[in-house]
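Number of protein chains: 8
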Amino acid sequence: MLRVYLSGEIHTDWRERITKGAEGLDVTFTGPVTDHAASDDCGVAILGAEDDKFWHDRKGAQLNAIRTRKGIEEADVVVVRFGDQYKQWNAAFDAGYAAALGKSLVILHGPDHAHALKEVDAAALAVASEPEQVVQILRYVLTGTLPG
Amino acid sequence: MLRVYLSGEIHTDWRERITKGAEGLDVTFTGPVTDHAASDDCGVAILGAEDDKFWHDRKGAQLNAIRTRKGIEEADVVVVRFGDQYKQWNAAFDAGYAAALGKSLVILHGPDHAHALKEVDAAALAVASEPEQVVQILRYVLTGTLPG
Amino acid sequence: MLRVYLSGEIHTDWRERITKGAEGLDVTFTGPVTDHAASDDCGVAILGAEDDKFWHDRKGAQLNAIRTRKGIEEADVVVVRFGDQYKQWNAAFDAGYAAALGKSLVILHGPDHAHALKEVDAAALAVASEPEQVVQILRYVLTGTLPG
Amino acid sequence: MLRVYLSGEIHTDWRERITKGAEGLDVTFTGPVTDHAASDDCGVAILGAEDDKFWHDRKGAQLNAIRTRKGIEEADVVVVRFGDQYKQWNAAFDAGYAAALGKSLVILHGPDHAHALKEVDAAALAVASEPEQVVQILRYVLTGTLPG
Amino acid sequence: MLRVYLSGEIHTDWRERITKGAEGLDVTFTGPVTDHAASDDCGVAILGAEDDKFWHDRKGAQLNAIRTRKGIEEADVVVVRFGDQYKQWNAAFDAGYAAALGKSLVILHGPDHAHALKEVDAAALAVASEPEQVVQILRYVLTGTLPG
Amino acid sequence: MLRVYLSGEIHTDWRERITKGAEGLDVTFTGPVTDHAASDDCGVAILGAEDDKFWHDRKGAQLNAIRTRKGIEEADVVVVRFGDQYKQWNAAFDAGYAAALGKSLVILHGPDHAHALKEVDAAALAVASEPEQVVQILRYVLTGTLPG
Amino acid sequence: MLRVYLSGEIHTDWRERITKGAEGLDVTFTGPVTDHAASDDCGVAILGAEDDKFWHDRKGAQLNAIRTRKGIEEADVVVVRFGDQYKQWNAAFDAGYAAALGKSLVILHGPDHAHALKEVDAAALAVASEPEQVVQILRYVLTGTLPG
Amino acid sequence: MLRVYLSGEIHTDWRERITKGAEGLDVTFTGPVTDHAASDDCGVAILGAEDDKFWHDRKGAQLNAIRTRKGIEEADVVVVRFGDQYKQWNAAFDAGYAAALGKSLVILHGPDHAHALKEVDAAALAVASEPEQVVQILRYVLTGTLPG
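Read top to bottom, the protein sequences are chains A, B, C, D, E, F, G and H.
So the first sequence is numbered by UniProt numbering: it starts at 1 and just counts up by one.
So the second sequence is numbered by UniProt numbering: it starts at 1 and just counts up by one.
So the third sequence is numbered by UniProt numbering: it starts at 1 and just counts up by one.
So the fourth sequence is numbered by UniProt numbering: it starts at 1 and just counts up by one.
So the fifth sequence is numbered by UniProt numbering: it starts at 1 and just counts up by one.
So the sixth sequence is numbered by UniProt numbering: it starts at 1 and just counts up by one.
So the seventh sequence is numbered by UniProt numbering: it starts at 1 and just counts up by one.
So the eighth sequence is numbered by UniProt numbering: it starts at 1 and just counts up by one.
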């Protein structure tokens, strides 16, 4: 059984394409809370409002860390997706965190980001551009079967 | 003695302001190669040219990793600077790497980046906006002396 | 599945409020023996009486350590409750022990203790004042659902 | 050479009695910043004021953690002193932190605290009541010489 | 669930007394091969005879190490029994091995051995003289119930 | 339950002889993808063709590493088979990798290779020449039963 | 530079023969307190008398552990000497402790003890019978020079 | 300062070319005993002759392991050279051992070995064919200076 953590971009359907594509394989997927509003406001919603946006964000980011750290630490494979928009520093942070723990990293991004992500890619065991390639990797790793 | 690794932005003088400011303190500083061209091309310059830019970058990023991993792994404090430009995913990657190793993280960035860096800041023991604050932190940690 | 260790105060019903509130969530709870008399006397009851109260206490504390260390080491989240009475040094000890192991710490205490607990709180990912907030944290971490 | 971290009470001269008594031995001592005001206010003094006392304390406690974690992690022996006053939860936290790292713990307290500290004492290799006993321990460990 | 490794003496019925006494508790027991002849000769029986008794013993001891290391490394509690006869250096070796791994140690021996075992006992969380006490410890650790 | 990773030679039936022989024992076996062509080409088949054979090989070897590292890291026993042909440096690499992780190593090779493999054998708990001996080892380790 | 811990027997001159023989080599030696009386009574001499011999021994053994654990944990090579007399369970305990930490073990004993020490020897990289052989090992490891 | 371990081939002058080329750089080099005869016979020369070549080899390989493990474990960079002759399984074993410890690996071999070494190369941060390239890597990593 392979435990896979899906980190990064939350505005496209890449997670669904992977989990759907991997149906039938012996894989369990985990990942962050992908509801953007809930993720941003969880801290103050549970632990009380903050006047200062900095501490509003801090409370939320630390609650989310309970989930993301467990997910990464228990994963065999950490897939990190970089989309076309936003800074996505949390995705790169997760990649570094996973790399230091010796996890098998798979980085998923379009060719435009290749140079900017070269240090991240260099720590990975695979660099893919499409979610379907991640599914093929998981199938091969588990069953030895190649596409086509 | 405090070993401090200075990660991130290479286009402003923040490293000099810290190392100069910390003169007289019992600190040793390390950091990446900050010559942009050398850092980009080191791999092919030493190990042979590549037709494909992707592998050109890979060779360089992996050589640089010999230096950066040693620097981070031996550091007591890892300072990560996010500047105003570029993606800076390697900086966020370093922060995640250092966090997973349990290093004391200090993040240095302007207020505009606060929300985008909230997960990175949440893993840090200090968030500063000016290099001089980092010097004050190092002085306080080593000597118990506060500014002013 | 989330493994949660509930450390600290044994004289109020905070553990029951959390375990009851978390019914239906994929959580397992562990914690110390909360029968005060049994906890104090277990060592001599099993291993033989001691004239000196110091060794009476030692024998008991070491037996209890078999349970508490396993609980903390296997936990994903360690919740430490500080009540209004007593020294509660064992609670702070557990918090430090959990922090050094990299566990996700949640500290639970009333506002009066905030200054005295600042070092403990600073190692935590959440500081709550009511057990129901801990339930909300667990629900959010597992399901992404916020209260209200 | 023995590296000794002196944690806990900051209102009596116990650190001086130990460091003075250990003169001539191959020991280096480290410890927290013992200037109470500086320790409380370091965060806001360097990183900016906070309206909320909770975050005022948080900023300071996290700066102090840079120093205390390094001190404990590099120590061979961690001595934790519990005085007659205050909650001293940070001392118990340090003891738990050191215990989880497998450090040799020496606990220093008067007989009145014995029962309340039984879990902390049970994790220690020595429990002393006077700083001079700590000096004798260090001398014995380094040279095999007993007092008298 | 508690995983308990039973190390040491193989010529009395102490393992049976513990496993029988612990029936109904959520414990799994492991231990070395207790068939003395098989344990001594397993190496040469499987891997071929040796002229030299030293290598005959080596082959067997290394095969047995596959089992004993796994048992100790996966255990929560390691019970080490010292009987009245023989050198039993392998028992003391197992105790040291378990101690270095941070396992909860319970040492079981008669009062005559107390002084000779003082370093081993000093690394343990409990020192018992009868197998029934070990059962009581396991019951207390799992259920909080004391005997009588 | 014993988790056994079978590393090395892929051109004879030694894996089948072990897994078949171990039927009825509480063992789970893992190993690399043994389809030579799939193993060589998996990288380019999934992630895109490479002009340079060096990077063709790199992509494949890194995908295979996702599987082999997980297999070795989760194993209790790592069996490494050296056949009569080829360099088999990946087998020796796996042995070194497993040794550094403290795994129980069993090396399987004919007598001709003994001198060349002396450093590898010296890190092992058993050196066998026939797959059936490995089955006997597994049976003995799990049940204490010797052959014959 | 090689750090060598000399554990075990304290009634013959084997430590002197090794340290004298190794003069001129880049080695530092550490070991336990070898003054038998001081070692037995250190606990009560510093921390106060005990009526019960068991706790008298406990206090001493734990003080000695401060020294022995540091010595073993910082050593590259741990030499454990078993003499002709006494139970020497502390020596076997040290050997197990060192083995679990992955130290290079050298066991030193006469041929009569070979069978009883087979599990200890099986964890070692060398088994010698004379202190001079240990000197030769240290010289070879450091300089590549063989005797004669 | 960079600690570099030079593993592998002992029949050409590659180590000399690297150590000579690196003069003036802040590097310390370690490596195995490269006197082939001494390396093969050290075990029996010190610990006594063996009739069986297998144990003759075992004794030697284990003595050599004292030196090689220390060298690899303390290194920042492990360079592994594969020459044109011999099986060189010990070199691949060292590479695997270093990889599992997270060392920065540099592999040095001619193009003919590329396919057979693909799993080893895939674990490395650089693959070079000439010793002078290793010198250039060390100079770049330490000083940021590129050749030419």
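Each residue gets a CB set at the ideal place from its N, CA and C atoms; glycine is no exception.
State the DSSP-derived secondary structure class of serine 39 of chain H, mapped to helix, strand or coil.
helix
Please state the DSSP three-state secondary structure of valine 82 of chain A.
Note on residue identity: the sequence assigns phenylalanine, not valine, to residue 82 of chain A. Reduced to three states, the DSSP call for phenylalanine 82 of chain A is coil.
Beta-carbon contacts of residue 215 of chain D that lie in its chain and below 7 Å, excluding the five residues immediately before and after:
Residue 215 of chain D falls outside the range modelled here, since chain D spans only 1 to 148, and no answer is possible.
Could you give the C-beta distance for phenylalanine 82 of chain A and glutamate 130 of chain A, rounded to a whole number, given that I count them as a contact under 8 Å?
That belief does not hold up - the Cβ atoms of phenylalanine 82 of chain A and glutamate 130 of chain A are roughly 13 Å apart, past 8 Å.
Report the three-state DSSP secondary structure of leucine 25 of chain D (helix, strand or coil).
coil
Tell me the residue span of the beta strand (DSSP E) that contains alanine 126 of chain A.
126-128
Quick check on glycine 110 of chain D: does DSSP put it in helix, strand or coil?
coil
Strictly below 8 Å CB to CB, what residues from chain H border isoleucine 10 of chain B?
The contacting residues do not exist; isoleucine 10 of chain B stays about 11 Å from chain H at best.
Just to make sure I have the definition right: I need the residues of chain E whose C-beta is within less than 9 Å of the C-beta of isoleucine 137 of chain F. Which are they?
Cys42, Ile46, Leu47, Leu63 and Ile66
First and last residue of the uninterrupted alpha helix (DSSP H) at valine 33 of chain G:
Taken as a continuous stretch (DSSP letters only), valine 33 of chain G belongs to no alpha helix (DSSP H), as it is neither H nor E.
Does DSSP put glycine 8 of chain B in a helix, a strand or coil?
strand
Give me the chain E residues within the contact set of leucine 146 of chain F, using Cβ-Cβ distance strictly less than 8 Å, ordered along the chain.
Ala38, Asp41, Cys42, Ala45 and Ile46
Can at least three beta-carbon pairs, one atom from the segment 63-82 of chain H and one from the segment 96-113 of chain H, be found at a separation below 8 Å?
yes
Could you run through the segment 78-98 of chain B and flag, in chain order, every residue whose CB is less than 7 Å away from some CB of chain A?
Lys87, Trp89, Asn90, Ala92, Phe93, Asp94, Ala95, Gly96 and Tyr97
Tell me whether leucine 63 of chain D sits in a helix, a strand or coil according to DSSP, three-state version.
helix
Our contact map puts aspartate 41 of chain D next to glycine 60 of chain D with C-beta atoms below 8 Å; I'd like the distance itself, whole angstroms only.
6 Å
Determine the extent of the alpha helix (DSSP H) in which threonine 145 of chain C is found, giving its start and end residues.
Segment: none, threonine 145 of chain C is in no alpha helix (DSSP H) and carries neither H nor E.
Where leucine 105 of chain C falls: helix, strand or coil (DSSP):
strand
Straight-line gap, tryptophan 89 of chain G to leucine 117 of chain E (C-alpha atoms, nearest Å):
6 Å
Residues that leucine 138 of chain G bridges to, as DSSP identifies them:
Beta-bridge pairing links leucine 138 of chain G to no other residue.
With 8 Å as the threshold, decide whether the Cβ of tyrosine 140 of chain D is near any Cβ in chain G.
yes
State yes or no: is the beta carbon of serine 104 of chain G nearer than 8 Å to at least one beta carbon in chain H?
yes
Using a Cβ-Cβ cutoff of less than 8 Å, which residues in the same chain neighbour aspartate 64 of chain B once the five nearest sequence positions on both sides are dropped?
The identity of residue 64 of chain B in the sequence shown is asparagine, whereas the question assumes aspartate. So the list reads Pro32, Val33, Ser39 and Cys42, once near-sequence residues are dropped.
Report the option in H:Gly148, H:Leu138, H:Arg139 and H:Ala126 whose CA atom is closest to the CA atom of phenylalanine 54 of chain F.
H:Ala126
Which residues of chain C have a Cβ atom closer than 7 Å to the Cβ of glutamate 130 of chain D, listed in chain order?
Chain C residues near glutamate 130 of chain D: none, gap ~16 Å exceeds 7 Å.
Give me the Cα-Cα distance between alanine 45 of chain E and glycine 48 of chain H, rounded to the nearest whole angstrom.
26 Å
Using 8 Å as the limit for Cβ to Cβ distance, is aspartate 51 of chain H near chain E?
yes
For chain G, check one thing: does any of its Cβ atoms lie closer than 8 Å to the Cβ of lysine 20 of chain E?
no
Among G:Asp94, G:Gln133 and G:Arg139, nearest to valine 120 of chain G - alpha-carbon criterion
G:Asp94
Between alanine 124 of chain F and the rest of its own chain, which residues show a CB-CB distance below 7 Å, the 5 nearest in sequence each way excluded?
Leu105, Val106 and Ile107
When the cut-off is 8 Å and only beta carbons count, does leucine 6 of chain H lie next to chain F?
no
Quick check on leucine 47 of chain F: does DSSP put it in helix, strand or coil?
helix
Output yes if chain B places a C-beta closer than 8 Å to the C-beta of leucine 101 of chain A; else output no.
yes
Which residues bound the alpha helix (DSSP H) around alanine 92 of chain B?
89-100
Cβ pair alanine 100 of chain G, isoleucine 72 of chain G closer than 8 Å
no
When the Cα of aspartate 112 of chain F is compared with those of H:His109, H:Gln136 and H:Lys87, which residue comes out closest?
H:Lys87
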